[in-house]
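Peer 1:
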Amino acid sequence: MSSEDLYDGTPPIKSAKELEEGIAEPRPDVHKAIQGYSTKGGTFGLTQEVELDSDGVSRSGGQLSTFALVITAVIGSGVLSLPNSLAMLGWPAGIVCLLVFAWATLLTSQLLADCHIINGKRTRTYIEQVHLVMGRTHGIIITWVQQSNLVLTALAYSITASYALTNVATSICEGQGKDAENGECFNKYYVWALIHGAMQIFFSYVPDMDSSLWPCIVGACMSFSYATISLGRAIAEGNTYGTVGGITGLSTSNKVFGVFNAMGAILFAYSFSMILPEIQDTIKGSVRGGPVRAMKRTVNWSVSIMTVFYLAVAISGYMAYGNDVAGNILDSFQTPRWLVDMANIMVFVHLLPAYQVWSQPFFYFLESNQKNWWAPRPVPRMMTGWWFRAWFRPLYVIIITFLTICLPFFSYIIALVGALGFWPTTVYYPIRMWIRLYNPTPRYRAWLYTVDAFCFVCSLLALIGSIQQIVVNANTICFFCE
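Here it is as structure tokens:
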């Protein structure tokens, strides 16, 4: 079904409910596009050379940079937990979940990319898009949802990076014949969390996402590399473990909550839509096809490649270790020691820029809104420009590092973040905004609502499972543990 088939050509109609809520102002006109671009059916296609950076924003991104940003952002700690998720779900259910959520992410990310240009202007953030299309109330809601998830994702990546460094230190120490259990090694988790935090303070002074191309290219290469190592090492085991029902021997309640938590981990592996508008904003106007088609090509390639990698790593890891696979697949590998250490180092190198990809939109949100929040009073000097950046960004990293030390729950934090962020940012708002802007046929509208409802139920169950797992493991919280 083509885009032209989905758009019936009639202007969007205000509903009685919208009129009562006062949000049915004249709807944003997505068809009032920038000159030189076609918007028929919801796709902006390049018809002549047009420069879109007339809004005064300097953009240097292209197809390669957006691909690197997406891969760096999404193929991270999520892929390492997928074999464990597959073990909990079992063969058929696990593979189906991976494919279904991949398809849902691909569909809704395409819809979200279509919402980039509104009233003839490029939007810069997810919050701006929702505010323009859905109104002020929804703008406030998405602000809280997006910003909290950005912080939680940075936390999840900080935990993963700290564990990777701890594993390398332990491996090197044991290779020298020392006893890691008796404190003979420099492998305390909190120490490496502090070291990672110190490095992130330095990287946090990168001005914006558009300035992080080369770190993200390195990060993307690292993510492919350690995923390939995980895949090859698991295949080398030569086992064919795994069952249809997944992990057994659990009580009914623990099994159910474990399944829900596994769904959350899979959702996290596909959650990148909450920063898709910010990534799309880095694309310069002269890119072939314009920023919308360029972003949609990036989405197609990124989701397709990550799905192939996810399936390969999850299936090979579960086959290799069966129901005993660790929450982080790298923890299941013991030999060769140098290869496992290399993979963990690659995880750490990858998560250095990935942490910033998820943090930069949060920094931009706070730094760009100071004038609005202080109006009509003048903005204090410490809350403007480099003054604000100089003290706030390190403070942010320090807080994330403190939480990293307090909450070393790798798989549970990942599932929580995935459950909280997937439905509202990846499904609900992309679908609702696209419907509001493009007024699809009733049949396609009903189909989109069905997808929305299905993903809501999955996210709700995943949230329940992740919270239960964190509560059960809360008694293991230990400050400055070894």
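Position 51 of the sequence shown, counting from 1, maps to 949 under my numbering, and the rest follow consecutively.
Cβ coordinates follow ideal geometry from the N, Cα and C atoms, glycine included.
Computed from a prediction, not measured in an experiment: that's the story for all the values here.
1. Skipping 5 residues on each side, what residues in its chain have a beta carbon closer than 8 Å to that of G1220?
2. For V1197 and Q1008, which I take to be in contact (beta-carbon distance under 8 Å), what is that distance rounded to the nearest angstrom?
3. Three-state secondary structure (DSSP) at K930?
4. Can you name the residues that DSSP bridges to K1019?
5. Excluding the 5 residues flanking I1303 on each side, which residues of the same chain have their C-beta closer than 6 Å to its C-beta?
6. With a floor of 4 residues, list each alpha helix (DSSP H) that falls wholly inside the segment 1063 to 1142, ordered by position along the chain.
7. Candidates G1183, R1341, W1256: which alpha carbon is nearest F1170's?
8. Count the other CB atoms, across all protein chains shown, that sit within 10 Å of the CB of G940; report buried if there are 16 or more and exposed otherwise.
9. Where T1146 and S1230 are concerned, what is the direct C-alpha to C-alpha distance, given to the nearest angstrom?
10. Cα separation between T1444 and P1292?
11. Whole angstroms are fine: how far does the CA of A1344 sit from the CA of V977?
12. Where do the ends of the alpha helix (DSSP H) carrying T1003 lie?
13. Here's a check: name, in chain order, each residue in its chain whose Cβ is nearer than 6 Å to the Cβ of Y1347, leaving out the five neighbours to either side.
14. Using DSSP with H/G/I as helix, E/B as strand and the rest coil, what is T1196?
15. Between the C-alpha atoms of V968 and I1057, what's the straight-line distance to the nearest angstrom?
16. Could you spell out where the alpha helix (DSSP H) holding P1259 opens and where it closes?
17. Just to confirm my understanding: we take R1195, look at its own chain, exclude 5 residues before and 5 after, and list those with CB closer than 6 Å. What are they?
18. Using a Cβ-Cβ cut-off of 7 Å (strictly less than) and excluding sequence neighbours within five positions of A1002, which residues of its own chain qualify?
19. Among residues of its own chain, excluding the 5 on either side of Y1327, which ones have a beta-carbon nearer than 7 Å to its beta-carbon?
20. Let me make sure I understand the geometry here. Which of T970, L980, W1199 has the alpha-carbon closest to that of L1209?
21. For L1174 and L1010, which I take to be in contact (beta-carbon distance under 8 Å), what is that distance rounded to the nearest angstrom?
22. Taking Cβ positions, are V1295 and Q1098 nearer each other than 8 Å?
23. Report the residue from G1073, M1120, A1218 whose alpha carbon sits nearest the alpha carbon of V972.
24. Quick check on the burial criterion: 16 or more other C-beta atoms within 10 angstroms. Buried or exposed for V1355?
25. Confirm, please, whether the CB-CB distance from A1252 to T970 is below 8 Å.
26. Apart from the five residues just before and just after I921, which ones in its own chain have a Cβ nearer than 6 Å to its Cβ?
27. In terms of residue numbering, what span does the alpha helix (DSSP H) encompassing Y1024 cover?
28. How big is the Cα-Cα spacing for D903 and M1193?
29. Looking at the structure shown, is P1189 part of a helix, part of a strand, or coil, going by DSSP?
30. Output the distance between the C-alpha atoms of T1068 and R1020, rounded to the nearest integer angstrom.
31. Which residues bound the alpha helix (DSSP H) around R1291?
32. Use the C-beta contact count for Y1124: other C-beta atoms within 10 angstroms, 16 or more gives buried, fewer gives exposed.
33. Of the residues G1073, A1054, I993, P1259, which one's Cα is nearest the Cα of L1301?
34. Helix, strand or coil: which one does DSSP assign to Q1366?
35. Pick out whichever of G1095, C1071, A1288, A1096 has its Cα sitting closest to the Cα of F1386.
Peer 2: Quick look at the numbers:
1. Counting from one through the sequence shown, the residue named residue 1220 turns up at place 322. A985, N1137, Y1139, G1140, T1141.
2. On the sequence shown, residue 1197 is found 299 positions in, with the first residue counted as 1. On the sequence shown, residue 1008 is found 110 positions in, with the first residue counted as 1. Contact flag correct, Cβ pair sits at about 6 Å.
3. Along the sequence shown, one-based indexing puts residue 930 at 32. With a pLDDT of only 42 at K930, under the threshold of 50, the placement of this residue in the model should not be trusted, and no figure is reported.
4. The residue given as residue 1019 occupies position 121 in the sequence shown. BP columns for K1019 point to I1016.
5. One-based indexing of the sequence shown puts residue 1303 at position 405. Excluding positions up to five away in sequence, the list reads Y1088, A1091.
6. 1087 to 1101, 1111 to 1135
7. What you label residue 1170 is simply residue 272 of the sequence shown in a count that begins at 1. Nearest C-alpha to F1170: W1256.
8. Position 42 of the sequence shown, counting from 1, holds the residue named residue 940. Only weak support is given to the placement of G940: the predicted model assigns it a pLDDT of 32, under 50, and the question is left unresolved by the model.
9. Here the question's residue 1146 lines up with position 248 in the sequence shown. Here the question's residue 1230 lines up with position 332 in the sequence shown. Cα to Cα, the separation comes out at about 19 Å.
10. Since the first residue shown for the chain is 899 and the last is 1380, residue 1444 is missing from the structure and cannot be characterised.
11. Position 79 of the sequence shown, counting from 1, holds the residue named residue 977. Position 446 of the sequence shown, counting from 1, holds the residue named residue 1344. Those two C-alpha atoms are separated by around 33 Å.
12. For the purposes of this step, residue 1003 is taken as residue 105 along the sequence shown, with counting starting at 1. T1003 -> alpha helix (DSSP H) spans 989 to 1011.
13. As a working mapping, residue 1347 is identified with position 449 in the sequence shown. None.
14. What you label residue 1196 is simply residue 298 of the sequence shown in a count that begins at 1. Reduced to three states, the DSSP call for T1196 is helix.
15. As a first step, residue 968 must be located in the sequence shown, where it is residue number 70. As a first step, residue 1057 must be located in the sequence shown, where it is residue number 159. Roughly 20 Å between the two C-alpha positions.
16. Here residue 1259 refers to the residue found at position 361 when the sequence shown is read from its first residue. Here the alpha helix (DSSP H) through P1259 covers 1235 to 1266.
17. Taking the first residue of the sequence shown as position 1, residue 1195 is located at position 297. Excluding positions up to five away in sequence, the list is empty.
18. Within the sequence shown, the letter at position 104 stands for residue 1002. Hits under 7 Å: V1325, V1349, C1353.
19. As a first step, residue 1327 is located in the sequence shown; it is residue number 429 there, counting from the start. Here the set comprises V1028, I1040.
20. Here residue 1209 corresponds to residue number 311 of the sequence shown, with the count starting at 1. If we check each option's Cα against that of L1209, L980 comes out closest.
21. Numbered from its first residue, the sequence shown carries residue 1174 at position 276. Numbered from its first residue, the sequence shown carries residue 1010 at position 112. Indeed they touch by this definition, with Cβ atoms about 6 Å apart.
22. The residue labelled residue 1295 in the question sits at position 397 within the sequence shown. The residue labelled residue 1098 in the question sits at position 200 within the sequence shown. Against a cut-off of 8 Å, the Cβ pair of Q1098 and V1295 comes out as a contact.
23. Along the sequence shown, one-based indexing puts residue 972 at 74. Closest option to V972, Cα to Cα, is M1120.
24. Looking up residue 1355 in the sequence shown gives position 457. Burial call: exposed.
25. Here the question's residue 970 lines up with position 72 in the sequence shown. Here the question's residue 1252 lines up with position 354 in the sequence shown. Yes; because the gap between Cβ atoms is below 8 Å, this pair is in contact.
26. Reading the sequence shown from its first residue, position 23 is the one you call residue 921. Here I921 scores only 42 on pLDDT, less than 50, and its place in the model should not be relied on; the value that follows carries that caveat. If we look at I921 and ignore the five residues flanking it on each side, its Cβ neighbours are G1033.
27. One-based indexing of the sequence shown puts residue 1024 at position 126. That run of the alpha helix (DSSP H) goes 1024 to 1032.
28. As a first step, residue 903 is located in the sequence shown; it is residue number 5 there, counting from the start. As a first step, residue 1193 is located in the sequence shown; it is residue number 295 there, counting from the start. The predicted position of D903 is uncertain, since its pLDDT is 42 and thus under 50; a value taken from the coordinates is nonetheless stated next. Roughly 22 Å separates the two Cα atoms.
29. Taking the first residue of the sequence shown as position 1, residue 1189 is located at position 291. Looking at P1189 - three-state DSSP - the assignment turns out to be helix.
30. Taking the first residue of the sequence shown as 1, we reach residue 1068 at position 170. Taking the first residue of the sequence shown as 1, we reach residue 1020 at position 122. The alpha-carbon atoms of T1068 and R1020 are separated by roughly 49 Å.
31. Working through the sequence shown from its first residue, we reach residue 1291 at position 393. It spans 1283 to 1304 - the alpha helix (DSSP H) in which R1291 sits, taken as one unbroken run.
32. Counting from 1 along the sequence shown, the entry for residue 1124 is found at position 226. With 16 or more Cβ atoms within 10 Å of its Cβ, Y1124 is classed as buried.
33. Indexing the sequence shown from 1 puts residue 1301 at position 403. Checked all of G1073, A1054, I993, P1259; the closest Cα to L1301 is A1054.
34. By one-based count along the sequence shown, residue 1366 stands at place 468. Three-state result, Q1366: helix.
35. Because the chain in this structure spans residues 899 to 1380, residue 1386 falls outside the shown range and cannot be described.
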